[in-house]
Amino acid sequence: MAKEKTIYTCNECGGTNPKWLGKCPHCNAWNTLVESVANSDAPAKNRFSALAPTAEVTVLGDIEAADIERTPTGHTELDRVLGGGMVEGGVVLIGGDPGIGKSTLLLQALDALQRQGKNTLYITGEESGAQVALRSRRLGLDHSKVNVLAEIQLEKILATLNALHPDVAVIDSIQTVYSEQLTSAPGSVAQVRECAAHLTRAAKSSGVSMVLVGHVTKEGALAGPRVLEHMVDTVLYFEGDTHSQFRLVRAIKNRFGAVNEIGVFAMTEKGLKGVSNPSAIFLSQHSEPVPGSCVLVTLEGTRPMLVEIQALVDSGGPSPRRLSVGLDRDRLAMMLAVLHRHAGVACMDQDVFVNAVGGVRITEPAADLAVMLAIASSLRNKSLPKGFLAFGEVGLAGEVRPAPRGQERLREAAKLGFSIAIVPKANAPKRPIEGMEIHAVERIEEALNLARGL
Ligand code: TYD
Ligand code: MG
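Sequential numbering of the sequence shown, starting at 609, is according to the working numbering.
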C-alpha cells in the first residue's frame, strides 16, 4: 500500500512544496499553499514515466459520442437547471445561504428518485438522523426509503459508498467532511479541497451521481477554494432573499446543460414547490405607476421573466452613496456616468439606490436601459406610464445595444398585458406585436426624451 505524506499545494498554479511557505515558490502568489496529501511512491514511479509506452491516440471523429443518460428527478424546475436530470458519474455542487432550502430541496429530490426505484443515499454531517427524519415528516415523506448516513469522516463515507453503491448520493455538506490524512481542521480549505477531490474521483469511477452541498461565505462565494468549482461538472447557486417566499436556483456552470438557466421555487409549508410560470412574480403590485420604477424583461437562461427595477435618488451628503441589490454595483456607477455625460442627468450630489424586486439577481447587461430609466424617473419624480417596460444594453458612448432574443421578450410582456415598450433599434420587431406600442431607440438620450413624453 502506498504511503501517504503531507505536502503543500498552491491554489493558484498547482505547484507543490514539501513545507508551508507564505509565498508559492513556483508562481510567487502569496498565501496560496494549502495542505494536501501526496502519494510518496508516486514521484519515484514518475521518473520513468517518459519511457513508458504512450496510451493510444484516437481521432476525434472516430470517437463515438454516447448520449448522456439523464435521470430526471421529477422536480421539473430542478431538472431544468441540471440540464434534464442527474447524470451518471456527474458531480453537482450546490451553494447557498444557510436556511435557503438546500437540504430541503435535495431531500425532496432524493425521495422522488427513490420512488422511481433508484438507490439513494443522503449523507448528513450537519444534522443528526433524527433531525433529517423530522424534516422528511414535515415534507410529508412519511415512508421514505432514502438511505441516511450521519457521518463526517471521509474514509468511512467512501467505504459506505463502495459497499452500498447508490445511484445518487448527497453530501450535506462538503464543509463538514474531514479526512484523517490531514491535520487541518474540518472546514479548512485543505480539507474541503482534498475531500471533494476524493469524492469526485469516487463518483467518476463508480458512476454514482453525486451532489455536494457547499456553504457560502459572507461575500456569497462558495467557501473553500475555487478549485471546487473546477472539479465538479455542475455548479448551482441558490439565490433570492430568505424573507421572500421565492427561491431561485441558477446554474453557473454546467457541463451537461445551459448555464444561467434558472429554476424557480416557492417555499411552502411542505417544502419547495416548482413555479412553472414565473414570469410575473418579480413585479410588485402597484395600483398606480410610481416614480423610480421600471419593468424589465430579462432572459436568464432560456426563459423570459419580467422583473421590476426600482431606483431611489435622494439628496446625499458630501460623499453620496451608490447601493444596488440584485444588480452589479460597478455597472451602476458606469451607468450614472453615462447618464451624466450623454443625457445630462446629474446625480453627483445624490444618493442612488437600485433594487431588483424579489431578491432576483440580474447579471445580463440588457438591464441597463431599465435601470437608467428608473433612475431618471426617480430623479424627476415622474412615473413611467402604466404597462411600460424596457430592455437593452447601454454602452459607454451612450449607444443602446440590442439584447439577445428581443422578440421573445416582447411577446412574453405582451402576453402579461404590457402595452408600451422602449427597446433597442435592432430589437424592434418587423411585424407589430398585438397590443404593444414599441419605440425603438439608438441612443440613451433618445430613450430618456421619449420616456419623458410618454
Ligand atoms: P434548509 O433546507 O434547512 O436550508 P439549508 O439546508 O439551505 O440551510 O431550509 C430550512 C428553511 O426552510 C427553514 O427556515 C424552514 C423552511 N422550511 C419551510 O418553510 N417549509 C418546509 O417544509 C421545510 C422543510 C423548511
Ligand atoms: Mg442544510
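Where is the CB? At the ideal position from N, CA and C, for every residue including glycine.
What you are looking at is a predicted structure, and each value in this text was computed from that prediction instead of being measured.
- Burial check for H851: the Cβ neighbour count within 10 Å stays below 16, so the residue is exposed.
- Across the structure, C632 and L880 are spaced so that their CA atoms are roughly 45 Å apart.
- Here the distance from the Cβ of D675 to the nearest heavy atom of ligand 2 is not below 8 Å.
- When distances are taken from the beta-carbon of K627 to the heavy atoms of ligand 2, even the shortest one reaches 8 Å or more.
- Here T906 carries a strand assignment [DSSP, helix/strand/coil].
- Q958 is bridged by DSSP to S923.
- In this structure, D780 has its CB closer than 8 Å to one or more heavy atoms of ligand 2.
- In this structure, A919 places its C-beta atom within 9 Å of the C-beta atom of I983.
- If you look at M818, you'll find it isn't in any alpha helix (DSSP H); it sits in the beta strand (DSSP E) that goes S817 to H823.
- Counting other Cβ atoms within 10 Å of its Cβ, S895 stays below 16 and is therefore classed as exposed.
- Straight across, the Cα-Cα distance linking A810 with S985 is about 56 Å.
- Beta bridge pairing from DSSP links L880 with M875.
- Under the three-state reduction of DSSP output, T732 falls in the strand class.
- Remark: the C-beta of K1033 is outside contact range of ligand 2, defined as less than 8 Å to any heavy atom.
- Between H948 and E1053, the gap from beta carbon to beta carbon reaches 9 Å or more.
- Boundaries of the beta strand (DSSP E) harbouring V933: R930 to V933, taken from the DSSP string.
- Per the CB criterion, closer than 6 Å to any heavy atom of ligand 1, the qualifying residues run in chain order as G704, P706, G707, I708, G709, K710, S711, T712, R743, R746, L747, M875, E877, K878 and G879.
- Taken through DSSP and simplified to helix, strand or coil, P886 comes out as coil.
- DSSP places C618 in the strand class (E or B) of the three-state scheme.
- In the DSSP assignment, V700 falls within the beta strand (DSSP E) that extends over V699 to G704.
- In the three-state reduction of the DSSP assignment, K726 falls in the coil class.
- Collapsing the DSSP output to three states places I860 in a strand.
- In this structure, the alpha-carbon of G900 lies about 14 Å from that of Q893.
- With a cut-off of 8 Å on Cβ pairs, the region 923 to 943 is in contact with the region 956 to 971, counting three or more such pairs.
- Taking I765 as the centre and dropping the five residues before and after it, the same chain places the C-beta of I731, L757, E759, I779, V785 and L807 closer than 8 Å to its C-beta, in chain order.
- For T850, the three-state secondary structure derived from DSSP is coil.
- In this chain, the beta strand (DSSP E) harbouring V1031 covers I1028 to P1032.
- The Cβ atoms of V843 and I702 sit closer than 9 Å to each other.
- Taking 8 Å as the cut-off, the C-beta of V776 does not count as close to any heavy atom of ligand 2.
- According to the DSSP secondary-structure assignment, K631 is paired through a beta bridge with W638.
- In this chain, the alpha helix (DSSP H) harbouring I983 covers D976 to R988.
- Inclusion of V821 in the 8 Å shell around ligand 2 follows from its C-beta lying nearer than that to a non-hydrogen atom of the ligand.
- Counting along the chain, H1047 sits inside the beta strand (DSSP E) bounded by residues E1045 to V1049.
- S752 counts as buried, since no fewer than 16 other beta carbons sit within 10 angstroms of its beta carbon.
- When secondary structure is reduced to three states using DSSP, Q1015 falls in the helix class.
- Contact fails between the region 744 to 751 and the region 788 to 806, because fewer than three Cβ pairs, one in each stretch, are under 8 Å apart.
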